[in-house]
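Residues 15 to 265 (our numbering) make up the sequence shown, in order. Glycine residues also receive a C-beta, built at the ideal position from the N, C-alpha and C atoms. Since we're looking at a predicted model, the values are computed, not measured.
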Amino acid sequence: MPPRYPKADSRFLAWARIVTRVWTGWQPGGGSTGVPDIGLSDEQASRAADLFEAAYQAHLRQREAMVRARSATRAKRLAFAEFKKALGADIATITAYASSTGDPGVYVRARLDARKTGSRRTPRGPVAPRDPRLRFDVNASEMVLTWGGRTRPGTVYSIRRRLVSAAGPAGPAGAGAPHGAGPNRSWAFIAAVSERRFVDTTIPPGTAEVTYLVSATKNGRTVQGFTATARLHGGQWCAAAPLSARASRSA
Numbered sequence: 015m016p017p018r019y020p021k022a023d024s025r026f027l028a029w030a031r032i033v034t035r036v037w038t039g040w041q042p043g044g045g046s047t048g049v050p051d052i053g054l055s056d057e058q059a060s061r062a063a064d065l066f067e068a069a070y071q072a073h074l075r076q077r078e079a080m081v082r083a084r085s086a087t088r089a090k091r092l093a094f095a096e097f098k099k100a101l102g103a104d105i106a107t108i109t110a111y112a113s114s115t116g117d118p119g120v121y122v123r124a125r126l127d128a129r130k131t132g133s134r135r136t137p138r139g140p141v142a143p144r145d146p147r148l149r150f151d152v153n154a155s156e157m158v159l160t161w162g163g164r165t166r167p168g169t170v171y172s173i174r175r176r177l178v179s180a181a182g183p184a185g186p187a188g189a190g191a192p193h194g195a196g197p198n199r200s201w202a203f204i205a206a207v208s209e210r211r212f213v214d215t216t217i218p219p220g221t222a223e224v225t226y227l228v229s230a231t232k233n234g235r236t237v238q239g240f241t242a243t244a245r246l247h248g249g250q251w252c253a254a255a256p257l258s259a260r261a262s263r264s265a
């Protein structure tokens, strides 16, 4: 089993110095009592002392080299910083000269890449709303409309509504004209929201069908997302196509 030495170099050398001095019979002032009775010859004890001295000197040289390396690294960083500062100023001068003369050959002669002209980014428009969900809250007597998509900062959703009365010119429920809209069934703007949710609390009594048209606006651009329709059947509101089956359940 190999002997266990102190792990840190400095502690190992301090321990080894004591041990090798004991083995050689070292005494302060350069005297020696000779090798003690430990089974080592004078040559072996002397060799251990010499190897310790070589290891110690190598350790000192390494420490000195590390100090010089740190100093050299700091000097290199300072030189690079000063050079880059001056280089940047020179390149700025060359760029200004190329711009004032209108000569692209300046960059070629200076072995520099011409500065690229940045283009202004077009403001991003809105993301179209999709996947509508309709649910009628019986207790609150309100229609809850939600939808999917991505709401980018600055997006505004416009909600338009179209109503059909229970009794209109065509007779059957749901086939008549919308309240206040006449026979053309036109859309009426009712709200603008910044979230993907709208609660309609103003459905007039006697309405048999309500349809919502949702569009998104951002940075002056508008995209239409979907229409969602709910019809009154047997006293219950039911969502109609294109809603999914999950959203078609009445409240």
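Between Leu-27 and Ala-69, the C-beta spacing is below 8 angstroms. The C-beta of Glu-223 has 16 or more other C-beta atoms within 10 Å across all chains shown, which makes the residue buried. Unbroken alpha helix (DSSP H) runs of no fewer than 4 residues, entirely contained in the segment 46-132, are found at 56-115 and 119-123, following chain order. In this structure, the CA atom of Thr-107 is about 13 angstroms from the CA atom of Ala-128. Within 10 angstroms of the beta-carbon of Tyr-226 lie 16 or more other beta-carbons, which makes it buried. In this structure, the alpha-carbon of Glu-156 lies about 32 angstroms from that of Asn-233. About 7 angstroms separates the beta carbons of Ala-244 and Cys-252, which is inside the 8 angstroms limit, making them a contact pair. Excluding residues up to 5 positions away in sequence, Ala-112 and Ala-128 lie with their Cβ nearer than 8 angstroms to the Cβ of Pro-118 in the same chain. When secondary structure is reduced to three states using DSSP, Arg-35 falls in the helix class. Here Trp-201 carries a coil assignment [DSSP, helix/strand/coil]. For Glu-156, the beta-bridge partners assigned by DSSP are Asp-151. DSSP places Ala-244 inside the beta strand (DSSP E), whose first and last residues are 235-247.
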